[in-house]
Amino acid sequence: MKNDITILAIESSCDETAAAVVKNGTEVLSDVIASQIEIHRRFGGVVPEIASRNHTLALPAVVEKALADANVTGADIDAVAVTYGAGLLGALLAGVSYAKGLSYAWKKPLIAVSHVKGHIAANYVAHGDLTFPYICVLASGGHSAVLKIDDYDKIELLGCTKDDAAGEAFDKAARVLGLPYPGGPEIQRLAMEGNPTLCFSKPFKSESGYDFSYSGLKTAVVNYMANNKDGANRADVAASFQLAAVNQLKDAAIRAAKAYGIKRIALSGGVGANLKLREELDREATENGIKTYFLPLGLCTDNAVMIGAEAYFMIKKGKPFADLSLDAEAVLKVES
Ligand code: KG4
Ligand code: ZN
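Sequential numbering from 243 applies to the sequence shown in the numbering used here.
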């Protein structure tokens, strides 16, 4: 391939239909997102079949806008990248099918990108000064993990949630508090009006030392709300839940950084937008001489820029291209 590599990337793993044009992994020429949040909000969460249909409807215009905003045409694109997993199968298939069509029509290579690796690669777009190795806390609606990143393609899973993902817990806690989907930003907002006076966390024994658990915390909030119907101070519940939730991620990340003697911690994924998590992590990291790296909000939640970035580093690392037999995968190993 030539020196400059311009990639059209497509992301449709959950409820955002996104396309972006990214040059050389870090230069964002366009970044388009059509969110389905309003469509799913009335159901209190993402309805997979509705998500797939809306991706199929939205993709042509989203891709066209991404090309127009970047002022390029198919002829200027060197490769088409797409999220092929992990995520909702039907939703992924919409993006994969569209990307295959473009790759075939334009006669350009197809690159199959892992959504989780995309979330990690968002760090390379935002942090020009981030060097290896670093600890990455990945916390989203589908994943929660603490990773040691030694190179673009050398990712070691140190610990992960043993049950629910962090974002899932935020969304479920929000629902019992009567807050709309997605719950993370809503809990954050309500928590600012309260104090973390309630104790929801149960002791959890992590075998690796870096694992965590969210189902007990979620159930504690559900039970508390059921038992204190009228008397609950919702803001205190939100603040207490949030602190317990972010402390699990923060503690595992700091433990990992100290154990491996690593001085950098980066935060990826939708929950990485949480201000309390940033505040707590930053405080304890600073006390330990560790530097933190936080993403702009648009690179925390799902987007296609991160997929274009990861695809570029896959090319640089000599990973094989995909072909038209590419299929969507609902589950992928984080480090695969
Ligand atoms: O990374 P993402 O956009 O999609 C997945 O890959 O899952 O993450 C979405 C999740 C949702 O659960 C949402 O509630 C959560 O990220 N989230 C937050 C915040 N913003 C989004 N959680 C806590 N605090 C936030 N500010
Ligand atoms: Zn995501």
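Virtual Cβ for every residue (Gly too), placed ideally from N, Cα, C.
Here Cys542 carries a helix assignment [DSSP, helix/strand/coil]. For the ligand KG4, a non-hydrogen atom lies closer than 6 Å to the CB of Asn516. Closest in C-alpha terms to Arg431, from the list Thr439, Leu421, Leu440, comes Leu421.
Glu522 sits buried, since 16 or more C-beta atoms from the chains shown fall within 10 Å of its C-beta. In terms of Cα proximity to Ala498, the closest of Leu485, Tyr376, Val304 is Tyr376. Distance from the CA of Ala527 to the CA of Arg520, rounded to the nearest whole angstrom, comes to 10 Å.
Proximity to Gly425 across Arg283, Ala368, Pro562 peaks at Arg283, based on C-alpha coordinates. The C-alpha of Ala276 lies about 6 Å from the C-alpha of Ala260. For Asn266 and Glu410, the gap between their C-alpha atoms comes out near 33 Å. Runs of the beta strand (DSSP E) lying entirely within the region 348-433 and spanning at least 3 residues, in chain order: 352-356, 376-381, 386-393, 396-402. Shortest gap from the CB of Ser510 to any heavy atom of the ligand KG4: 6 Å or more.
The DSSP-derived three-state label of Tyr346 is helix.
Taking the C-beta atoms as reference points, Glu428 is found no nearer than 7 Å to Ala477.
Using a cutoff of 6 Å, the CB of Asp371 does not count as near the ligand ZN, since none of the ligand's heavy atoms is closer than that.
Setting aside the 5 residues that flank it on each side, Phe563 is surrounded in the same chain by Pro351, Leu352, Ile353, each with a C-beta closer than 7 Å to its C-beta; the list follows chain order. Ordered along the chain, residues surrounding the ligand ZN are Ser382, Asp544 [Cβ under 5 Å from any heavy atom]. When the alpha-carbon of Leu335 is set against those of Cys256, Ile281, Gly383, Val274, the nearest one is in Cys256.
Boundaries of the alpha helix (DSSP H) harbouring Ile281: 279-283, taken from the DSSP string. Here Val324 has Ile252, Gly337, Val338, Ala341 as same chain residues with Cβ atoms under 6 Å from its own Cβ, once five neighbours each way along the sequence are excluded. Taking non-hydrogen atoms of the ligand KG4 into account, the C-beta of Pro427 is found less than 6 Å away from one of them.
Between Lys471 and Phe454, the alpha-carbon positions lie close to 29 Å from each other.
Around the beta-carbon of Val573, fewer than 16 other beta-carbon atoms lie within 10 Å, marking it exposed.
Under the DSSP assignment, Ala300 falls outside any beta strand (DSSP E), being part of the alpha helix (DSSP H) whose first and last residues are 290-312.
For the pair Thr543 and Val274, the Cα-to-Cα distance works out to about 13 Å. Taking C-alpha positions only, Leu344 is separated from Tyr456 by approximately 40 Å. Excluding residues up to 5 positions away in sequence, Gly425, Gly426, Ile429, Ala487, Val513 lie with their Cβ nearer than 7 Å to the Cβ of Phe412 in the same chain.
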